[in-house]
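Here the structure comes first, spelled out in structure tokens, and everything after it is commentary.
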Amino acid sequence: VCLLCLVISPRVFLVSVLWNCGFLSSSFEFSSRKQITCNMVDVTDSNFEDIFPTFEHQLKKCSFVALDCEFTSLPFDVDIVPSFQDSGSERYKKISQTIIQCFPLQVGVSHFTYDRNLVEYKATIFKFNVCPKFFGLFDLNINLKSSSVQFLKTYNFDFNKVFYHGIPYLNQTQSEIVLDQMKKGILSERIFNIMTFDEREALAGHYETIRKWLHGIDVGLTLTIQVGTNCPHIKYFLHKEIRKCFKNVWTFHSTISSPELSVKRVSEEERLSLQVTSEFKIDEELLLSLRGFARVLDALISCKKPNSGPQHAYRSSQLLPPLLPPFTG
Numbered sequence: 001v002c003l004l005c006l007v008i009s010p011r012v013f014l015v016s017v018l019w020n021c022g023f024l025s026s027s028f029e030f031s032s033r034k035q036i037t038c039n040m041v042d043v044t045d046s047n048f049e050d051i052f053p054t055f056e057h058q059l060k061k062c063s064f065v066a067l068d069c070e071f072t073s074l075p076f077d078v079d080i081v082p083s084f085q086d087s088g089s090e091r092y093k094k095i096s097q098t099i100i101q102c103f104p105l106q107v108g109v110s111h112f113t114y115d116r117n118l119v120e121y122k123a124t125i126f127k128f129n130v131c132p133k134f135f136g137l138f139d140l141n142i143n144l145k146s147s148s149v150q151f152l153k154t155y156n157f158d159f160n161k162v163f164y165h166g167i168p169y170l171n172q173t174q175s176e177i178v179l180d181q182m183k184k185g186i187l188s189e190r191i192f193n194i195m196t197f198d199e200r201e202a203l204a205g206h207y208e209t210i211r212k213w214l215h216g217i218d219v220g221l222t223l224t225i226q227v228g229t230n231c232p233h234i235k236y237f238l239h240k241e242i243r244k245c246f247k248n249v250w251t252f253h254s255t256i257s258s259p260e261l262s263v264k265r266v267s268e269e270e271r272l273s274l275q276v277t278s279e280f281k282i283d284e285e286l287l288l289s290l291r292g293f294a295r296v297l298d299a300l301i302s303c304k305k306p307n308s309g310p311q312h313a314y315r316s317s318q319l320l321p322p323l324l325p326p327f328t329g
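With UniProt numbering, the residue at position 226 of the sequence shown is 226, and numbering never jumps.
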């Protein structure tokens, strides 16, 4: 289930794998003169936005990276049998052809930075828990293989963390579809069509609360609404509809996934100014939230760091097929 690629140094590869499996402490020696110090960062949908800037910053500074993936299944094709005579690229090509329909549940990305003064490698391992989220336009099938599930259970894989708190993702093609519907102004309508009865009832209650609050309220006062969900697309819909229904208010939030939304009574001039400067900010925030883990892959591709897999591991649409569109060249 674990797609492990050969690293630049076999010893560093062993460190990465053993650490991901939980067999190593935070610091240990791998020769009499060299040492590697490791830190583990567990990333879910609740802390992804806070950790991602740190991930990008360390990625730019590191010497090279290593990847480790846990998949929902690894089907074996009898027509594609690995051979001891395979080169690294040939073996990778054979393995990658068997995982086209598989999804990554967890992706470990290790940043290795060499400290010349201390003569040691420092490794930071980001463990991304990944799970596609239902978003109306996209309702992906997840194929699970019993042998893969059994393997993950044997090593105490936390399925609850993945399915309850996994980071969502959209590939480039899906992102373009969402962006196109935003530009056409029809995304809110599509979101409303997939809402449950309870979600629609809650939204109606929010509208009534705002309507009553606006009577006799002076410009500058703010009302805080408990949305009751951290679902980004519900929050997006609420922003758009409140701004559409009430012409003398503007909406704000701390983050797109926070359970609170603020409604501010504004003047006509302030409203016009906010429409120019902030109207599309919510579109950008929703798209970033939906893309989720795909942003990690974008960063890995653009950094062009030496990696633990074959030369084109990051570019291959076979490594994480649901996340990347087909590449040419």
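All C-beta atoms in this analysis are idealised placements derived from N, C-alpha and C, irrespective of residue type, glycine included.
Asked, Found
"Top-ranked residue by Cα proximity to Val-276, from Trp-250, Leu-221, Ser-257 and Leu-290", "Trp-250"
"Range of the contiguous alpha helix (DSSP H) that encloses Ser-46", "That residue, Ser-46, is in no alpha helix (DSSP H); it is neither H nor E in DSSP."
"Beta-carbon proximity of His-111 to Val-43, cut-off 8 angstroms", "no"
"The region 135-147 touching the region 251-270, judged by at least three CB pairs closer than 8 angstroms", "no"
"Leu-123 burial status per 10 Å Cβ neighbour count (16 or more: buried)", "Reading off the sequence shown, one finds Ala at residue 123, where the question assumed Leu. That one is buried."
"Contacts around Gln-226, its chain only, beta-carbon distance under 7 angstroms, and the 5 residues preceding and following it disregarded", "Pro-259 and Glu-260"
"heavy atom of the ligand ZN below 7 angstroms from Ala-299 C-beta", "Among the ligands in the structure shown, none appear at all, so the ligand ZN cannot be discussed."
"Helix, strand or coil at Gly-108 according to DSSP, with G and I counted as helix", "strand"
"Where Asp-68 falls, given that 16 or more other Cβ within 10 Å makes a residue buried", "buried"
"Enclosing alpha helix (DSSP H) for Lys-212 [first to last residue]", "197-213"
"Span separating the alpha-carbon of Phe-280 from that of Ser-147", "46 angstroms"
"At least three beta-carbon pairs within less than 8 angstroms, the region 159-176 to the region 203-211", "no"
"Local conformation of Arg-295 per DSSP, three classes", "helix"
"Leu-105 beta carbon less than 8 angstroms from that of Phe-71", "yes"
"Ile-225, DSSP secondary structure in three states", "strand"
"Nearest-angstrom Cα separation, counted from Lys-183 out to Arg-91", "44 angstroms"
"Option in Pro-132, Cys-62 and Tyr-121 with minimal Cα separation from Pro-306", "Cys-62"
"Proximity of Asp-45 and Ile-167 at Cβ, strictly below 8 angstroms", "yes"
"Residue range of the unbroken beta strand (DSSP E) whose run includes Asp-180", "Careful: Asp-180 lies outside any beta strand (DSSP E), inside the alpha helix (DSSP H) at 172-184."
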